[in-house]
Structure formats: structure tokens, C-alpha cells
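In this note's numbering, the protein residues as written are 651 to 1105.
Heads up, the beta-carbon is just placed ideally off N, CA and C, and yes, glycines get one too.
Written below as C-alpha cells is the structure these notes are about.
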RNA sequence: UCCUCAGUAGCUCAGCGGUAGAGCGGGUGGCUGUUAACCACUAGGUCGUUGGUUCGAACCCAACCUGAGGAGCCA
């Protein structure tokens, strides 16, 4: 008989009749005449309760010695439960596929996220991580839906790249030189020049936007920053749409629309997992998500934001000053205390932003934007790109970059240049926002952070 | 890179200068449909590491390691 998932059984409205389920034992309660076994196969948060009478074949040898974590296959009749769940299974036969050693580390009680991180190979078997990673999968799917429905083309930008800097942080070097040859010149290395893991697919994305109009990337990126916070990882996934014939206004509108779309999709399709997360991880989660899905976001220029911060009674650890980046505490004040909703801050001072952002007519600011959300801070960063050849060239020079290195990027401005814009969305930051999980290491299957690349 | 806090049983923690403890988990047995089941018994620890102070250190001091939180950088 083919396998029925736990989710299929639990969600059926009529009695499903006889079925075979396979999964892992979450808990077992023995009585003299029978045992209750709860199994989970990851198809849903909830477990299926199975009643095994002691009269069943092999009860003494198999069921009695069954431990938490064991994998089993059970065939039986699904019947209405006398307990608090709707359905349960009366086992006709039970097969132990693999018992679990007695030192199985997952108990039938709450564990700290730090401990679970140390057993990242087993943590998807917990309610929390099952919920988080089902949602991660759903959100990835929803991201593709969002862009595909709008006619965006999915582009795979390279993971190994030779163009350095881009102003997006420290890079990991990729090399085949070993301990003996490490002092050799990069000319003799695998690619004939220094190569790195990408920190962003944006520049390559722009080349495709300048041909296919609307594109997006969705893939891993790497930053060798030595940052120790709950919001940074060395390897993370990023979504980067890029649109030709597009200005900053349309760019901001797309970012806001996207966040709303993803939050709505989660509410619609991850109800069971969200209910769990709202109960055990973040009490205000559902309320916040519903709020974000329905309410308009705020927008404020950098200049106005600075003024607003200066006028506020709030005491900040760091001074608010025009021309400086907004500190985390400033961003959080805007989104969490002042507006109490997602806020897009736009038109930043030219000095604090990278070379490719479009200079505004005031000559003091660039057409850049950051979308801030409560609890996380910056979740999206984007800009309209500089499409004017002479201005871009001057910027490259001003930032001490080599125009030769970026000849292909400059070429886009020589052959049919168009206004274009895009943004980057940190996938894990989105997941933190949508799941209420407060540490980035708990929304990525195997986190890589400075000093740690286990599993 | 900087600042702060924490490392005691498999897990969560108490003990804070005088012979190492609890709950949960594990093992064994019992049990009336249980649901983080219940009851009884039981095994389990170089108290993160290395030095120092002391008659005596899990406890005081120093350095280091690991983890967490925050800052910066960013997504």
C-alpha cells in the first residue's frame, strides 16, 4: 500500500479508512495493554497518534523497545479519536525501519536554540525548525511566483566573480593555490587573476535588465565581514530584481508590493506553522503580519528623517547628523516607535553610497532607498542606477575604482543606456520577519558565521 | 574589530571558600485512553581550558577557548 502523509490524514474531513504512514517517533506512552505512539513525517506540524495493542505481532520485541527518534511504518485503520485530536490510527501492523540509539538528543521538551544549532543535522525534526523550513520553502516559491506573474526573467548570476569591491563588503577569495604556492602571483592562479565569491549579483543583473527589461536573481551570496550579530551570516541568500525603464519611485513601489505579497502568501499558506510560531516564538507575530499585509507603508526622505530624529525626544546613544548613515537605533526608532510600520527612507547623501547610484538633480543626494521593518531594521536596499555615461565615469574615478575593470558595466551606458533601478532583499531577513525568529542562524539550514562552518 | 554577559550530568538550571544537587531525558519494573502521561527504583559529572591565590577552589584572580547579546559594516 502506498504511503499516506500525516498531513493528508489529519486534514481529511471524512474518515480516510485504512492507510500506511511512515515517519519518525516523536513520543511514546506505554500502558500495560497498549502503547500510544506519535509520529511525524514533516508534512505538517501536528503528529499522528497511533494506538498499538500489545496483542500485535512482535509487540514485545519491536514496539516495546522503540525509542524517540526511531523511524517506523504503520499500517492500520484511521478512526475518530477518543482524545483531543480528530483522527488517530489503530495499528494493524508496525514495522521498525530504524530504531534510535538511547542517546538521541531531542527530548519531549523545549530546547534552547543554541543547543539545537549544535545539532543542526537533527534540528529539522523539531516543531520549531520544521515550521521555519517549511516556511522557507514556501517563501522561495512565493518569490518566484511574484516575479514570474509580473513577467520578470530569472537570471543566474555567477557565484565566482573576478570583479571585486562593489562597495558591498569583504570578499572570500577563491583559489587553487595551496600552502606551497600561495605566494605566487594571481596570474598563475586558476582563473589567471584574483577571483572571489560574489557579494551581489547586481552588476551582472543590470546587464540582463538592459536586454530583457525586467529580471531578478535569487541565489547565495557571501560576505567575509567579521560581524557577530543575530542579523548577519557569512553565506546568505539574496533576491535582486533589476528593471529597465524604471525610476526610484517605481522601484520603491515594487519593493513594498513584494513585501506585502510575501506576507500575504505566508498568512494564506502557512497558517498552521504561523500559529505555532505566534504561540511559542513571537506573541505579536500574526497581528504584525496582518497589519503589514493590509496597511500602506510610510515613505520619508533621508533629509526629513534626519530632521524628524533630531526633533524627537528620544535619547540616542549615537548623535543624529546629516551626512552620516542612520544608526541601527535610528532606523529602529523610525519603524518601531515613530511610524510603527514598515518605512522606506530614500534620497541619501551621495558621500555614503556606492558609485553606481544615480545622482539626483540637487547634486547632494542619490536616488537610493532602504526599506525598514519593525524588529529587523533594514530588509531591502536599492537604488536607481546612474545611466549617464559621464556621471558614472566621474563616480568610478571618485571612488578610486578602475574603469578598465568595469568596462562592461560602463558599456551599458554607451550602447542604448536607459534609466533603470533595482534592489536587494535579504532572504533570511525576510524569513526572520515572517517567522518571528530572532536569530538569522535559525532560518538557514546550516549557518555559516565567522569561526563556524559546521556540517 | 570593539563592548557586555555566560560556560556545573545528555538537556534546562541551582549551588558562589569546607565531601557535587534538582527537574527533564536514559535504563529497569509497574500502570485503568494517554497526549511535555503517571508511580517506584536506578545509572550518570577531571564543575570550559591553563595557570595563580588559599590549609582548602565549581565558587576568588589572570589569560585563553567556546557560546550569546549589542556596536560597526551591511542584506
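Run of the alpha helix (DSSP H) containing residue i, from where it starts to where it stops
{"i": "residue 859", "result": "852-862"}
{"i": "residue 1044", "result": "1039-1048"}
{"i": "residue 807", "result": "Where residue 807 is concerned, there is no enclosing alpha helix (DSSP H), given that its DSSP letter is neither H nor E."}
{"i": "residue 787", "result": "777-799"}
{"i": "residue 713", "result": "Residue 713 -> no alpha helix (DSSP H), and no H or E assigned at all."}
{"i": "residue 926", "result": "921-930"}
{"i": "residue 846", "result": "No alpha helix (DSSP H) contains residue 846, which is instead part of the beta strand (DSSP E) from 845-847."}
{"i": "residue 693", "result": "Taken as a continuous stretch (DSSP letters only), residue 693 belongs to no alpha helix (DSSP H), as it is neither H nor E."}
{"i": "residue 944", "result": "935-944"}
{"i": "residue 822", "result": "Unbroken run through residue 822: none, as it is neither H nor E."}
{"i": "residue 978", "result": "978-982"}
Cβ separation of residue i and residue j, assumed to be a contact under 8 Å, to the nearest whole Å
{"i": "residue 915", "j": "residue 1073", "result": "Going by Cβ atoms, the distance from residue 915 to residue 1073 rounds to 19 Å, so no, they are not a contact pair."}
{"i": "residue 689", "j": "residue 713", "result": "Not a contact, Cβ separation roughly 12 Å."}
{"i": "residue 949", "j": "residue 994", "result": "5 Å"}
{"i": "residue 761", "j": "residue 1105", "result": "Rounded, the Cβ-Cβ distance is 17 Å, inconsistent with contact."}
{"i": "residue 998", "j": "residue 952", "result": "5 Å"}
{"i": "residue 1009", "j": "residue 1030", "result": "Residue 1009 to residue 1030, Cβ: 21 Å. No contact."}
{"i": "residue 780", "j": "residue 708", "result": "No, residue 780 and residue 708 are not in contact; Cβ-Cβ is about 30 Å, not under 8 Å."}
CA-to-CA distance, residue j to residue i, given in whole angstroms
{"i": "residue 908", "j": "residue 925", "result": "23 Å"}
{"i": "residue 854", "j": "residue 890", "result": "11 Å"}
{"i": "residue 612", "j": "residue 828", "result": "Look at the range of the chain in this structure, 651 to 1105, and you will see that residue 612 is not part of it."}
{"i": "residue 879", "j": "residue 977", "result": "15 Å"}
{"i": "residue 904", "j": "residue 1043", "result": "28 Å"}
{"i": "residue 684", "j": "residue 882", "result": "49 Å"}
{"i": "residue 1063", "j": "residue 861", "result": "13 Å"}
{"i": "residue 898", "j": "residue 1036", "result": "11 Å"}
{"i": "residue 729", "j": "residue 736", "result": "9 Å"}
{"i": "residue 987", "j": "residue 1069", "result": "35 Å"}
{"i": "residue 1119", "j": "residue 821", "result": "Given that the chain is displayed from residue 651 to residue 1105, the structure contains no residue 1119 and the question cannot be resolved."}
{"i": "residue 1002", "j": "residue 1034", "result": "15 Å"}
{"i": "residue 980", "j": "residue 970", "result": "8 Å"}
{"i": "residue 802", "j": "residue 859", "result": "10 Å"}
{"i": "residue 754", "j": "residue 680", "result": "19 Å"}
{"i": "residue 715", "j": "residue 1032", "result": "57 Å"}
{"i": "residue 1039", "j": "residue 694", "result": "54 Å"}
{"i": "residue 723", "j": "residue 790", "result": "31 Å"}
{"i": "residue 1103", "j": "residue 823", "result": "16 Å"}
{"i": "residue 669", "j": "residue 1022", "result": "49 Å"}
{"i": "residue 886", "j": "residue 846", "result": "15 Å"}
{"i": "residue 954", "j": "residue 906", "result": "20 Å"}
{"i": "residue 1078", "j": "residue 867", "result": "15 Å"}
{"i": "residue 687", "j": "residue 1100", "result": "41 Å"}
{"i": "residue 805", "j": "residue 794", "result": "11 Å"}
{"i": "residue 917", "j": "residue 960", "result": "37 Å"}
{"i": "residue 1084", "j": "residue 1045", "result": "38 Å"}
{"i": "residue 1000", "j": "residue 842", "result": "35 Å"}
{"i": "residue 1061", "j": "residue 983", "result": "42 Å"}
{"i": "residue 922", "j": "residue 807", "result": "35 Å"}
Contact check, residue i vs residue j, beta carbons under 9 Å
{"i": "residue 912", "j": "residue 742", "result": "no"}
{"i": "residue 768", "j": "residue 747", "result": "no"}
{"i": "residue 726", "j": "residue 675", "result": "no"}
{"i": "residue 660", "j": "residue 1092", "result": "no"}
{"i": "residue 778", "j": "residue 931", "result": "yes"}
{"i": "residue 782", "j": "residue 819", "result": "no"}
{"i": "residue 1054", "j": "residue 1047", "result": "no"}
{"i": "residue 1076", "j": "residue 1025", "result": "no"}
{"i": "residue 813", "j": "residue 1098", "result": "no"}
{"i": "residue 992", "j": "residue 956", "result": "no"}
{"i": "residue 1006", "j": "residue 757", "result": "no"}
{"i": "residue 920", "j": "residue 745", "result": "no"}
{"i": "residue 1089", "j": "residue 763", "result": "yes"}
{"i": "residue 1004", "j": "residue 974", "result": "no"}
{"i": "residue 1071", "j": "residue 893", "result": "yes"}
{"i": "residue 749", "j": "residue 717", "result": "yes"}
Boundaries (first-last residue) of the beta strand (DSSP E) holding residue i
{"i": "residue 673", "result": "667-680"}
{"i": "residue 690", "result": "684-690"}
{"i": "residue 1079", "result": "Note, residue 1079: premise wrong, no beta strand (DSSP E); alpha helix (DSSP H) at 1077-1085."}
{"i": "residue 1093", "result": "Element bounds for residue 1093: n/a, residue is neither H nor E."}
{"i": "residue 658", "result": "It is not in any beta strand (DSSP E) - residue 658 instead sits in the alpha helix (DSSP H) that spans 656-661."}
{"i": "residue 1068", "result": "Per DSSP, residue 1068 belongs to no beta strand (DSSP E) and is neither H nor E."}
{"i": "residue 1033", "result": "1027-1035"}
{"i": "residue 949", "result": "948-951"}
{"i": "residue 738", "result": "737-748"}
{"i": "residue 886", "result": "885-894"}
- prompt: Taking three-plus beta-carbon pairs below 8 Å as touching, is the stretch 656-672 in contact with the stretch 701-708?
  reply: no
task: Examine the Cβ distances between the stretch 866-873 and the stretch 1006-1024 and report whether three or more of them are shorter than 8 Å.
output: no
message: Assess contact between the stretch 963-972 and the stretch 936-945, defined as three or more Cβ pairs (one per stretch) separated by less than 8 Å. Is contact present?
response: no
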